[in-house]
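Following this note's numbering, the numbering of the sequence shown begins with 996 at its first residue and continues without gaps.
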Amino acid sequence: MTEKEKTLLTGCLNGDKAAWDAFVLQYSSLVYHTIRRTFGLYHSDPRTDLVEDLFQEVFLSLVQNDFKKLRQFRGDRGCSLASWLRVVAARLTIDFLRKQGAPSVEVTESLPSGQPDPPASLIDFEEEKLLSKALRGLPPRDRLFLDLSYRRELPPEEIAAILQVSVSAVYTQKSRVLAKLRETLRKAAAL
996 MTEKEKTLLT
1006 GCLNGDKAAW
1016 DAFVLQYSSL
1026 VYHTIRRTFG
1036 LYHSDPRTDL
1046 VEDLFQEVFL
1056 SLVQNDFKKL
1066 RQFRGDRGCS
1076 LASWLRVVAA
1086 RLTIDFLRKQ
1096 GAPSVEVTES
1106 LPSGQPDPPA
1116 SLIDFEEEKL
1126 LSKALRGLPP
1136 RDRLFLDLSY
1146 RRELPPEEIA
1156 AILQVSVSAV
1166 YTQKSRVLAK
1176 LRETLRKAAA
1186 L
């Protein structure tokens, strides 16, 4: 934890309104975009009103019961306040989505941009279609794992924190999810 984070955190925990205002100003964009991205994993167009409600809920959860949740931040093992807040926002969003019921993920299919020759364009489209279908067939947790690993390119330690598993489990899950994806694609290509 940096000195700036310690000072800001101490001020917040001591009830300093200026410190809290600075905290919210500094981390509001990070929290908002984390909620939006996490929500976007399950819904193609996250409703702005729900994202804003969850945004308020994250900051409210930090101050409730005399900053109980914010006091849980330790800053050990190289965890920054920003990465901890990402985990808090992502978990709160995932919990909200679980309560809402089964996720609905829409994958839009479109032709690749540019002007490649027609056979290459057709091949690219078919490959994209197969991959989209294979991804839709994965459980939501596997899709989340792939998003964290490949689209967001988070390090294994952050993925482990978000998914509440050990770092070694992240590597195991990566192998398992990729094997499942390869097998699905192999079967689809054989048809």
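Heads up, the beta-carbon is just placed ideally off N, CA and C, and yes, glycines get one too. Just so it is clear, the structure is predicted and the values come from calculations on it, not from any experiment.
Reference residue i; option with closest CA among the options
| i | options | result |
| --- | --- | --- |
| F1054 | C1007, G1035, Q1095, R1093 | C1007 |
| R1138 | S1161, N1009, T1029, G1035 | G1035 |
| T1088 | R1181, K1182, H1028, E1153 | H1028 |
| V1172 | I1154, S1075, L1158, R1136 | R1136 |
| L1141 | T1033, D1011, T1002 | T1033 |
| N1009 | F1062, K999, K1175 | F1062 |
| Q1095 | D1011, L1045, S1161 | L1045 |
| K1182 | K1128, A1164, S1170 | K1128 |
Exposure of residue i, with buried meaning 16 or more beta-carbon neighbours within 10 Å
| i | result |
| --- | --- |
| Y1166 | exposed |
| L1020 | exposed |
| Q1168 | buried |
| A1013 | exposed |
| A1085 | buried |
Residue i and residue j closer than 8 Å at C-beta
| i | j | result |
| --- | --- | --- |
| V1026 | L1080 | yes |
| L1092 | Y1022 | no |
| L1125 | L1180 | yes |
| L1143 | K1175 | no |
| F1068 | L1004 | yes |
| G1070 | E1000 | yes |
| V1160 | P1151 | no |
Anticipated Cβ contact below 8 Å, residue i with residue j, distance rounded
| i | j | result |
| --- | --- | --- |
| S1078 | E1153 | 6 Å |
| I1157 | V1058 | Their Cβ separation, rounded to whole angstroms, is 23 Å, which puts I1157 and V1058 out of contact at 8 Å. |
Heavy atom of the ligand FAD within 7 Å of residue i beta-carbon
| i | result |
| --- | --- |
| A1017 | With respect to the ligand FAD, the structure offers nothing, as it holds no ligand at all. |
May I have a chain-ordered list of the alpha helix (DSSP H) segments no shorter than 4 residues that lie completely inside the stretch 1041–1073? 1043–1066
In chain order, which continuous runs of the beta strand (DSSP E) of length 3 or greater are located wholly inside the stretch 1134–1173? none
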